[in-house]
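**Student:** Protein chains in written order, with this note's numbering: chain A, 295 to 638; chain B, 295 to 638; chain C, 631 to 1166; chain D, 85 to 387.
The beta-carbon is built from N, C-alpha and C at its ideal position, and this holds for glycine as well.
Starting off with a structure, shown below.
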Amino acid sequence: MSTTTTETRAAGPAAPGEPPQGTGLLGRLRSSLQQMLAFVSLIVLFIFFTVANPDFASVSNISGILLATAVIGILALGTTFVIITGGIDLSIGTGMTLCSVMVGVFLTYWGLPLWVGVLGGIAFGALIGLVNGSVISFLGIPPFIATLAMMMVAQGLALVISGTKPIYFTETPGFFNVAMGRSIPGLVIPNAVIIMFIAAIIAWVLLSRTVFGRYTFSIGSNAEATALSGINVRRWQVIVYTVAGCFTGLAGVIMASRLSSAQPGQGMGYELEAIAAVIIGGTSLQGGKGSIIGTVIGALIMSVLTNGLQIMSIPQEWQKVVVGVVILIAVFVDMVRRKRQEST
Amino acid sequence: MSTTTTETRAAGPAAPGEPPQGTGLLGRLRSSLQQMLAFVSLIVLFIFFTVANPDFASVSNISGILLATAVIGILALGTTFVIITGGIDLSIGTGMTLCSVMVGVFLTYWGLPLWVGVLGGIAFGALIGLVNGSVISFLGIPPFIATLAMMMVAQGLALVISGTKPIYFTETPGFFNVAMGRSIPGLVIPNAVIIMFIAAIIAWVLLSRTVFGRYTFSIGSNAEATALSGINVRRWQVIVYTVAGCFTGLAGVIMASRLSSAQPGQGMGYELEAIAAVIIGGTSLQGGKGSIIGTVIGALIMSVLTNGLQIMSIPQEWQKVVVGVVILIAVFVDMVRRKRQEST
Amino acid sequence: MTAQTLTDTTATDSPLLELRGISKSFPGVRALDDVELTLHGGEVLGLIGENGAGKSTLMKILSGIHPPDAGRIAINGREVEILTPKAAETLGVTIIHQEFNLASDLSVAQNIFLGREPRSLGMFVSDATLNRRAAALLERVGVDLDPRTRVGDLTVAGQQMVEIAKALSVQSDILIMDEPTAALNDAEVAALHDIIRGFVSPTTGVIYISHRMEELKRITDRITVLRDGQYVGTVDTPDTELRTVIAMMVGREITAAQEPAPAHIDAAAPPALEVEGLSTKRLLREVSFSVRRGEILGFAGLMGAGRTEVARAVIGADPHTSGTIRLDGTPVRIASPAAAAAAGIGYLSEDRKHLGLLLDRSVADNIALSSLPRLSTAGFVRTGAIREAAHAAVDTLRIKTPSIGQQVKNLSGGNQQKVVIGKWLLHDSGVLIFDEPTRGIDVGAKEEIYALLQSLAEQGKAIIVISSELPEILRLCHRVAVMSEGRLAGTLDAAEASQESIMELATAHTQAIVHDTPQPTDTRDRGGPRHEHHDH
Amino acid sequence: ESAESGGSGGGDGDQPYIAIVSKGFQHQFWQAVKQGAEEAAAEHDVRVTFEGPETETDVDQQIQMLTTALDKNPDAIALAALDSQAAAPLLERAQSSDIPVIAFDSGVDSDIPVTTAATDNTAAAAEAAKHMAEAIDGSGKIAIVAHDQTSSSGRDRRDGFVGYMEANEPDIEIVDTQYGGGDQLKSTDIANAMIEANPDLAGLYGTNEGSAVGVVNAVKEKDVVDSVTIVGFDSSKAQLDAIREGTEFGAVTQNPVGIGRETVEAAVKALAGEDLPETIDTGFYWYDKDTIDSEEIKPNLYE
Ligand SMILES: Nc1ncnc2c1ncn2[C@@H]1O[C@H](COP(=O)(O)OP(=O)(O)OP(=O)(O)O)[C@@H](O)[C@H]1O
Ligand SMILES: Nc1ncnc2c1ncn2[C@@H]1O[C@H](COP(=O)(O)OP(=O)(O)OP(=O)(O)O)[C@@H](O)[C@H]1O
Ligand SMILES: [Mg+2]
Ligand SMILES: [Mg+2]
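Below, the structure written as structure tokens:
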């Protein structure tokens, strides 16, 4: 609601998220070229860091950047849905930790087979989302409060269940390869990165090609009108949070696998990073607008920035300042680009 | 339809925020009684803890609770304005820390007189708010991103300026008394608490009795309509963030005084607590609705809960779980109460 | 299609829809009190009443939005309960709401099929299919809209068309139209009436709410009248004089609308507002006009001709690429609506819900909004003064509200419109631009508002009225500026102005172009979003 | 203000009550301290509570906890102060209520505590530096992944290490110091970037358990186990495994269980009116592959 009239006529993407663009091949090409431009800030950053430090563009560092994006990226994917409905999910950080711990319980305490552990972790994430969604839509608690409460409950439960100690995956040594193995021979990129991209594709299909995605947008755009169109808004809201929960669970699995352990004390603060990635990617907290590709770019901008500054050995206190300023500039550039694009 | 005239004089259901209430003494009494009911959750919590542990209701513990509320409470007061406009301010936590550090610079590094340090800290907070507001309204950056960037910049600057070390107020021993002195003889309550209540009264007057408050509500309710009504929305937005910044600065002063030092590494996470207090108090993240008394109650609920569970010596991991659940219940009870009140 | 009397109804020949003893109260308001209504197959039933009489509420009960406090609903003789919008849809009841209920971030096609998307494999939707179907539907309905346009980018009239298309896309037996024409001009109204006639069959019926009497005369078979939430009666349209209906509706005789008799204007008086060569990036080309103190200048034109755009450019809500604006002879730079207000120009938007009102604030807050500096001392608001001003507006405009503390969203559509008018009456500006000021306002109140505007003019204000209702323009204005395709096609004196002369100018430009390119769609395609709406 | 209940508060009949306010509670280190404290409490039949802020930068949260702890009228208080000046007024309040204060983990800048059971973090970090220098033969580039920039333990462990190198090892260059907040994932990513930026890196030092494990992860992920020497701090299963398999060269441990025990025992003695030494050095120990299972080291390690 913060935009004023003068801006609003010009601002904002033409249609929601993945908009109904030109139908012809030409139209599609044009629209995808325009979307490529969203990379602008990302590419500029990339070039800058490559020039500043040649190590930055090495294959192994890029693979490292992608790996560093995986957890936040997957969290951000799920949150994109929630934010498009006009909601928010603060529980993803500690929820992810709780899912890690549950994977530990499944695999190490109960000795279940690896695949059960992995699916169990994702399912537990869905359960967290289901609770969030139900509290929000059936009790009518504002999403901020409901998921804040879940954030605390999940953090507490992770500590309680694990006995405040890390759980190691001693029974299932193969678990490490879930995130860190290299399934595609000859490719240096670890599975976690591939999983993130597959998750992104699934999220993209869900958001732009299914009824679910359609209702996600329309609830965020006008929940009342959506309800009046005969759509069970409450039920869909629950589904949105549950889907987001699945991504949280997946992030928990990846996290546990990469660290070879479930670390119950972690997770706080990840939610803010994930939400930031979503919003840098052009999704609006007001709801109704957003895209998966934007979120992926947003997450990449964040990790390229962090990695680049670390590679350059900038003192950490200055890193914060620089990250803050660069995020501002990136978002500003993106806004100007979109405005220009519209007026042509 | 001449009946309308008579009807209009009777107090209808309360409009949001501080509405134009019934004129008569009776109307006022009734409406303030209804507001008292907002305390319900708080009072229930209070009674519960008193029964659970007699130490809880001791004068010194209550004064401790109020003291614990001071910093978060003052932050929450400022954020209430921002949230009512439909914005958000994530920079209050680390911004507060930066203000503490600046007080340290003024008093310890530059040896300025005490009152200059105190006012300088508040003014520096206003400056942070001014930057936030300008970035949001003139560059059109979404508040979440703008204040997230400021959160990082402030954190970085606090570390840079302080040289990552605490600054002690060795030059101005009297500074400790700003927050911790007892100005009213015979009263055990320290100044910080009195300052918080004075700040709350000022905020209340600003919000409910001034043009500034009106515009705060109307921007949050419909920014475009407000702009088309001839109000300079951008300017008022800047003012709102600047006012919020003053409260941030004040919180920084209190914090520094209480700790006898400026701790540059602190502050992260306070924004979430402050925002939570605001929302527990019934202010809506969608903007347009909110009240100062709600915020004060929200902040008190949070600190009563934390303190009560600590006094009961509940294991720390369980405390999280309980706080989460109780916040949910408190908000739910408050919602039910308001609904009931409306339908009578 | 002869109307039947109620007593004719037998069990075998039960009416399509029958409502009996419907009552509904909101806090502080008895919106409906023992209301009845009968709709027969094959008929168009008009429903009229003053603003706040309860028409929309009755229709909301029928479409599953509000549960009634008491009463029975029967469809084809079978008693039913309608508790959700979905249930209404299942029973074959479809409604076009008075206040639009569209998701502004979705496209036209996505909105039309919202909740009823054709799916493959149970979950996948294809926008291409949706666009194709929507295009077909829009063509059948005779609406010239690109299905891919974002709804938030449409004008109010465009959104109204989407609402209509959406309702017509559903197979239904009972179609409720709550003021479908409030934002439309005559040509579009005629098109809509054709659609209605095409829709009605012996097994279907339409309930049609409007404040435009001539329309009711033209399209309805019978008219049911409500007053203050109570049922007054039902008449057969052909046998009834409109003034009788109006009398039933307001409870007293109303003197017929006077002939346009604008007061004499001093032709030598200097103009208060002069606009010269105003162009915008999108649409306007070299628009020049002026308005004097004491004068009411009308703006006429077809939908999308650019009238709203002129107003927005003048008050600085949209940037203009060239042109000068002079106030009392001095050139001014107006960069924002705030600057316009400070310079003494007020603008009442055509889109009250999104651009006019603070829906969740009180009546008093809305009325005072533009005038707070005047109603405050040293930054502190004088609540007494605000209350007084609000009461004054409620009284002069006869706004029907339980209190000035009522949230505006709980008022009826027409009363919401009066609140916006009240806001600008209170604001002390020398130039007032009213964009569709009487949208959704009942006949009686309209006359009062005309009188108010005239008295404002007599007090020396310069007034611009943008309206799609030609009779309104003719009734009210000293001069009429006619827009066509972003240009000023001409300005007519009251003496020269008539329906015919205005329409001629309004279409002059269009006809020239329409043969080679489908111009109106094009304009829309080129433009960016119009205004962003916040729907929650 | 609490005179009447001063000696017997805390409920639970006449069992003495000791409130312990530590610097943290989620990390393994603090859990081990807690474990030691609880063991000692059981032996001496006293009741303890153990609390600490989320992170070691949350000075305000710790002060809050200390205030609440005082309101519970404990018989003794044990404090690992994040900032002794900030805690000073509360310590005075404890003194005026005749509540003995035991300082642990790090000293308190005040004469109020009856004794201090602490490790010298600076000396411990120097010990780590010494072993690192030996392992890389006194020359090469080293980077530090620290857990925290502002807390005393974070600074001491960084500065002790850097100080030793500067004083004794002219050929060793510390090329970078960054902070991962003790978060394993963040520390891993930071160390990854350091390895990228310095292909000739000879050593990495992690200043607490999370930092050290993060460094170990990164060295494995980047496959530079052979060229990079890792020195860590504290103890956990992950670190012990890494040391046993040779990925990590060695680490410094501080015997947190012992700190917890000593602290509670000191409090019990203070309550009994016994005299206490001014400081109790709880010590630190260097351990590596060879000494990890020795009788001397084993009791100081925890998983
Ligand atoms: N949700 C609500 N809460 C409170 N009052 C309401 C609500 N909805 C309608 N009302 C009141 O009920 C009465 C009838 O309103 P309704 O909208 O049915 O009028 P209407 O006949 O459609 O008028 P209009 O011609 O102005 O559209 C009005 O006084 C209105 O203020
Ligand atoms: N942002 C926009 N994007 C696309 N088209 C626009 C935009 N703004 C205006 N238009 C188009 O420009 C034309 C002029 O609009 P304007 O609102 O000024 O017309 P109008 O004469 O007031 O007509 P009405 O209000 O009856 O629709 C219309 O065709 C409208 O659809
Ligand atoms: Mg109506
Ligand atoms: Mg218009």
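(1) Just to check my reading of the structure: A/G381 and A/L544 have Cβ atoms closer than 8 Å, yes? What is that Cβ distance to the nearest angstrom?
(2) Measure from the C-beta of A/I525 to each C-beta in chain C and report whether the shortest distance is under 7 Å.
(3) Residues in the same chain with beta-carbon distance under 8 Å from C/H1057, minus the five sequence neighbours each way, listed in chain order, please.
(4) Which bits of chain D does A/D349 rub up against, with CB to CB less than 8 Å?
(5) Would B/A362 count as contacting chain D if we go by Cβ distances under 7 Å?
(6) Quick check: is any heavy atom of ligand 6 less than 6 Å from the C-beta of C/K685?
(7) Whole angstroms is fine: what's the gap from C/S737's alpha carbon to C/W1054's?
(8) Below 7 Å between beta carbons: does that hold for A/G415 and A/G559?
(9) So the alpha helix (DSSP H) D/I279 belongs to, where does it begin and stop?
(10) How would you write the range of the alpha helix (DSSP H) that D/G247 sits in, first residue to last?
(11) Excluding the 5 residues flanking C/T1170 on each side, which residues of the same chain have their C-beta closer than 6 Å to its C-beta?
(12) By how many angstroms is the C-alpha of C/V1024 removed from the C-alpha of C/S966?
(13) In chain B, which residues lie with their C-beta within 8 Å of the C-beta of A/T374?
(14) Could you tell me whether the Cβ of A/L521 comes closer than 7 Å to any Cβ of chain B?
(15) Give the straight-line distance between the Cα atoms of D/I381 and D/N339, rounded to the nearest whole angstrom.
(16) Would you give the residue range spanned by the beta strand (DSSP E) that D/Y263 belongs to?
(17) Go ahead and pull the three-state DSSP assignment for A/Q315.
(18) Quick one: is D/Y263 near chain A, going by C-beta distance under 7 Å?
(19) Using 7 Å as the limit for Cβ to Cβ distance, is D/Q148 near chain B?
(20) List, in order along the chain, the chain C residues whose C-beta lies closer than 7 Å to that of A/R631?
(21) Do C/Q1046 and ligand 3 come close, with the Cβ less than 6 Å from some heavy atom?
(22) Just checking C/S1042 against ligand 3 - is the residue's beta carbon closer than 6 Å to any of the ligand's heavy atoms?
(23) Give the secondary structure of C/Y861 by DSSP, where H, G and I count as helix, E and B as strand, and everything else as coil.
(24) Using the Cα positions of A/S335 and C/I678, report the straight-line distance between them to the nearest angstrom.
(25) Identify every residue that forms a DSSP beta bridge with C/F919.
(26) Which one or two residues does DSSP pair with C/Q1037 in a beta bridge?
(27) Taking only beta-carbon atoms, is C/S653 less than 7 Å away from chain B?
(28) Is C/V917 near C/V940, with beta carbons less than 7 Å apart?
(29) Would you mind sorting D/P319 into buried or exposed? The rule is 16 or more other CB atoms within 10 Å of its CB.
(30) Which complete alpha helix (DSSP H) runs does the region 420-489 of chain B hold, if anything under 4 residues is left out?
(31) I want to verify the contact list: residues of chain B whose CB lies under 8 Å from the CB of A/V447, in sequence order.
(32) If the cut is a Cβ gap below 9 Å, which residues of chain D does B/V345 touch?
(33) Pull up the CB-CB distance for B/A473 and B/I548, whole angstroms please, since I reckon it's below 8 Å.
(34) Given this structure, state the Cα-to-Cα distance separating D/D377 from D/H215, to the nearest angstrom.
(35) Opposite D/Y371 in the DSSP bridges: which residues?
(36) What's the gap between the Cα of D/A202 and the Cα of A/T510?
**Tutor:** So, to answer that:
(1) About 20 Å separates the two Cβ atoms, so there is no contact after all.
(2) yes
(3) A971, G976, S1000 and S1001
(4) E280, A281 and P283
(5) yes
(6) This structure lacks ligand 6; the ligands present are ligand 1, ligand 2, ligand 3 and ligand 4.
(7) 33 Å
(8) no
(9) Q268 to A281
(10) S236 to N252
(11) Chain C is shown from 631 up to 1166; residue 1170 of chain C falls before or after that span and cannot be answered.
(12) 29 Å
(13) Those do not exist, as A/T374 stays about 14 Å from chain B at its closest Cβ, beyond 8 Å.
(14) Before going further, note that residue 521 of chain A is Ala rather than Leu in the sequence given. Closer than 7 Å: no.
(15) 9 Å
(16) I256 to Y263
(17) Because A/Q315 sits at a pLDDT of 40, beneath the cut-off of 50, its placement in the model cannot be relied upon, and the following sentence gives the value as read from the coordinates. DSSP places A/Q315 in coil when its eight states are reduced to three.
(18) yes
(19) yes
(20) Simply none; closest approach about 14 Å.
(21) no
(22) yes
(23) strand
(24) 58 Å
(25) C/V905
(26) C/S992
(27) no
(28) yes
(29) Sequence check: residue 319 of chain D is Ser here, not Pro. That one is buried.
(30) 437-456 and 470-474
(31) K614, V615, G618 and V619
(32) Those within 9 Å of B/V345 in chain D number zero; the least Cβ separation is about 13 Å.
(33) 5 Å
(34) 18 Å
(35) D/A335
(36) 56 Å
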